[in-house]
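Protein chains in written order, with numbering that gives the first Met the number 0: chain A, 0 to 198; chain B, 0 to 198.
By construction, the Cβ of each residue, glycine as well, lies at the ideal position given by its N, Cα and C atoms.
Because the structure is a prediction, the values reported are computed rather than measured.
One structure below.
2 protein chains.
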Amino acid sequence: MNKKKLQSEQTKRKVADAAKALFSQKGYKATSIEEIVEATGSSKGNIYYHFKSKEGLFLYLIDEWDLEWERNWKEREALYKTTRDKLFGIAEQIILDDLNHPLTKAADEFFNNEEKGSDIEERIDEMVKRHVEFNRELLQKGIDEGEFSPKNAEQLAVILEGLFVGMSRMSRKTNTENALQLYHSAIDVFLNGIIARSS
Amino acid sequence: MNKKKLQSEQTKRKVADAAKALFSQKGYKATSIEEIVEATGSSKGNIYYHFKSKEGLFLYLIDEWDLEWERNWKEREALYKTTRDKLFGIAEQIILDDLNHPLTKAADEFFNNEEKGSDIEERIDEMVKRHVEFNRELLQKGIDEGEFSPKNAEQLAVILEGLFVGMSRMSRKTNTENALQLYHSAIDVFLNGIIARSS
DNA sequence: GATAATACAAAACGAATGTTCAGTATAAAT
DNA sequence: ATTTATACTGAACATTCGTTTTGTATTATC
């Protein structure tokens, strides 16, 4: 059990990579299996041998992407000391990760589509919850350490997530530099809005 | 030129109303012309007689919706004195208007889709610009009158728009009450972040 | 070496869907 | 009254696209 499994994994990787590039460029719906076939040289049947369905393929990519994001963040987190700085760091990574390896657009489209099967919806919900929880822990820490004024961390976490979502959308047509500036300002406002004041 | 034109307008209205309901419930892609046919009793050919295409029909609805929103706001604007209060008022109207007459979901989906023709994209861009400009004027007024600390109003306007977009997304699965609370908190943070401080 | 499992190809399926078009009836214009 | 324009029908068109199926070569298993 060696040569075959290896070859298989390589093929799966190749399909995943091609699909990722296509979904990123064209969006989810606009990318057809046929195009993935053309890009990989693999056959339709083979793609369906490796992935349950188009949605399954996409979800596979999203999961990979999300895991990679968290891995990257954990590597960089130590670079930032205050929660404030961490937030700016997160924004920076979002922009770099999302605008360079951007399944973002496709993900957005996918999340908003209504046709998704029940299992798909579950996994999406999980992901959003993970994000909010991630934010919540970060903010809670900031509150506990007196950096922010004590408020409902859960709700702030949702607001922060929404802010990121919105900024992502607003910066879709701008370049990286402008996006960085926009995110920075947004977080500035957000932080200024929840910061602990000595007065 | 009377009886016929009248009948024609009524039909167009009927199609528009049915389409609006369907797009709202099911989203843009998920709503087929066939379903609009079933809902109206009109024929496919007739729908294409009144509207250039499915996209054209949707855009027609979006335009109507946006105009109505502005009309409603202008009626209510006088109720709020400070810019701060106006922002809360806007949020309230967004939630009520958007969650009750919600083309929001479909609009979101539509805006994110990549396949849109060039003219479509133009009209969408215009709409976003209108929104940002609307925000900008509001914020500029708040700055001029000393309510907010002087900052880049243009960028704040974009952030505010993004915040609304994000909140809309985050409150998709909640009820009106929770949505109101979320928006309120979000604007609280935003205002707190840009407010003029005496200290 | 025979059998079974795996990786892949190619074609066909099938169903959904937006759009067009030839035709018809009704109202307006001349 | 005849012609013309308008509102509308219903069926056919034309694709696109995700998925299934059938078949085959290669590799692992016994």
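Near residue i, which residues of its chain fall below 8 Å by C-beta distance, leaving aside the five closest residues on each side in sequence?
i, result
"B:Tyr-91", "According to the sequence displayed, residue 91 of chain B carries Glu and not Tyr. The answer, listed in chain order, is Leu-179, Tyr-182."
"B:Trp-68", "Gln-92, Asp-96"
"A:Met-126", "Ile-61, Asp-65"
Short of 6 Å in beta carbon distance, which residues of its chain neighbour residue i, apart from the five on each side in sequence? Order them along the chain.
i, result
"A:Lys-11", "His-49"
"B:Asn-71", "none"
"B:Val-164", "none"
Determine the closest residue to residue i out of the options, with distance taken between C-alpha atoms.
i, options, result
"B:Leu-281", "B:Arg-129, B:Ala-106, B:Ile-193, B:Asn-1", "Summary: the structure shown does not reach residue 281 of chain B, with chain B confined to residues 0 through 198, and so no result is reported for it."
"A:Lys-53", "A:Gln-9, A:Ser-31, A:Val-127, A:Ser-184", "A:Ser-31"
"A:Phe-147", "A:Gly-26, A:Glu-125, A:Arg-83", "A:Arg-83"
"A:Ser-41", "A:Ser-7, A:Lys-140, A:Ser-170, A:Lys-128", "A:Ser-7"
"A:Phe-133", "A:Thr-39, A:Glu-144, A:Ile-61, A:Lys-73", "A:Lys-73"
Which residues in the same chain as residue i place their Cβ atom closer than 7 Å to its Cβ, once the five residues preceding and following it in sequence are excluded?
i, result
"A:Ile-35", "Val-14, Ala-17, Ala-18, Leu-21, Ile-46"
"B:Ala-152", "Arg-135, Leu-138, Gln-139, Ile-142"
"A:Lys-28", "Glu-108"
"A:Thr-81", "Glu-146"
"B:Phe-110", "Ile-123"
Just how far apart, CA to CA, sit residue i and residue j?
i, j, result
"B:Ala-156", "A:Ile-142", "28 Å"
"A:Gln-154", "B:Lys-4", "53 Å"
"A:Ser-198", "B:Arg-122", "Model confidence at A:Ser-198 stands at a pLDDT of 47, short of 50, so the residue's coordinates are unreliable; what they give is reported in the following sentence. The alpha-carbon atoms of A:Ser-198 and B:Arg-122 are separated by roughly 48 Å."
"A:Asp-124", "A:Val-131", "11 Å"
"A:Gly-26", "A:Glu-108", "7 Å"
"B:Leu-58", "A:Ala-77", "48 Å"
"B:Tyr-79", "B:Ile-94", "17 Å"
"A:Lys-172", "B:Thr-173", "30 Å"
"A:Leu-86", "B:Asp-65", "34 Å"
"A:Lys-43", "B:Asp-62", "41 Å"
"B:Arg-75", "B:Glu-120", "31 Å"
"B:Asp-187", "A:Glu-144", "22 Å"
"B:Lys-2", "B:Thr-39", "20 Å"
"B:Arg-129", "B:Lys-51", "25 Å"
"A:Gln-9", "B:Glu-37", "49 Å"
"A:Glu-33", "B:Glu-33", "27 Å"
Assuming residue i contacts residue j (C-beta within less than 8 Å), just tell me the rounded distance between them.
i, j, result
"A:Lys-150", "A:Ile-193", "6 Å"
"B:Leu-138", "B:Leu-159", "7 Å"
"A:Asn-177", "A:Ser-184", "Incorrect: roughly 11 Å between the Cβ atoms, too far for contact."
"A:Gly-161", "B:Leu-162", "7 Å"
Looking at the ligand ADP, does it come within less than 7 Å of residue i, judged from the CB to the closest heavy atom?
i, result
"A:Asn-45", "The ligand ADP is not part of the structure shown, which contains no ligands of any sort."
Secondary structure, alpha helix (DSSP H): runs of 4+ residues fully inside the region 138-191 of chain A: 152-169
Along the chain, which unbroken stretches of the alpha helix (DSSP H) at least 4 residues long are found entirely within the region 24-90 of chain A? 32-39, 43-49, 53-76
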